[in-house]
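**Student:** I'd like to ask you about the structure that follows.
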Amino acid sequence: MKKRKKTPLRKCVVTGEMKPKKELVRIVRSKEGAVSIDLTGKKSGRGAYLSKNKEVVILAKEKNILASQLNVNVDESLYEELLQMVEKENRITE
-11 MKKRKKTPLR KCVVTGEMKP KKELVRIVRS KEGAVSIDLT GKKSGRGAYL SKNKEVVILA
49 KEKNILASQL NVNVDESLYE ELLQMVEKEN RITE
């Protein structure tokens, strides 16, 4: 009998939903305080997960959720980058 691999679940910091890691994007804060999008999911530092959804990214920006999760100021450009990434990815999956 073949053993099925467990799908790692992560919680979206905006919606609170548990989703497979692949359906989320990881935002990471390094020791130096630099915030970046972690596409590999393997960068070291404090991470927060967001659903790959335009509304979720906008809500995170409006409520400053990433800044409070990562205890650091999140630059406007990061949200722009996230929105572009989410829109591009949604175009691919449609």
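Note that the sequence shown covers residues -11 to 82 in the numbering used here.
Where a beta carbon is used, it is the ideal one built from N, C-alpha and C, also for glycine.
Going by alpha carbons, who is nearest to A22 out of Q57, G33, V1?
**Tutor:** G33
**Student:** Exposed or buried, what is S56 when buried is set at 16 or more other beta-carbons lying within 10 Å of its beta-carbon?
**Tutor:** With fewer than 16 Cβ atoms within 10 Å of its Cβ, S56 is classed as exposed.
**Student:** Given a cut-off of 7 angstroms on the beta-carbon distance, is the pair K54 and I15 in contact?
**Tutor:** Contrary to the premise, residue 54 reads as Leu rather than Lys in this sequence. Yes, the Cβ-Cβ distance between L54 and I15 is below 7 angstroms.
**Student:** With DSSP as the reference, please indicate the residues paired to Y37 in a beta bridge.
**Tutor:** C0, R14
**Student:** Between which two residues does the alpha helix (DSSP H) holding K51 run?
**Tutor:** 42 to 51
**Student:** Taking the CB atoms as reference points, tell me whether R17 and L58 lie closer together than 7 angstroms.
**Tutor:** yes
**Student:** For K30, which of K49, V60, K10 has the nearest alpha-carbon?
**Tutor:** K10
**Student:** Closest to K42 by CA distance: which of L70, K19, L66 is it?
**Tutor:** L70
**Student:** What is the rounded straight-line gap between the Cα of M73 and the Cα of R(-8)?
**Tutor:** One Cα belongs to M73, the other to R(-8), and the distance between them is close to 30 angstroms.
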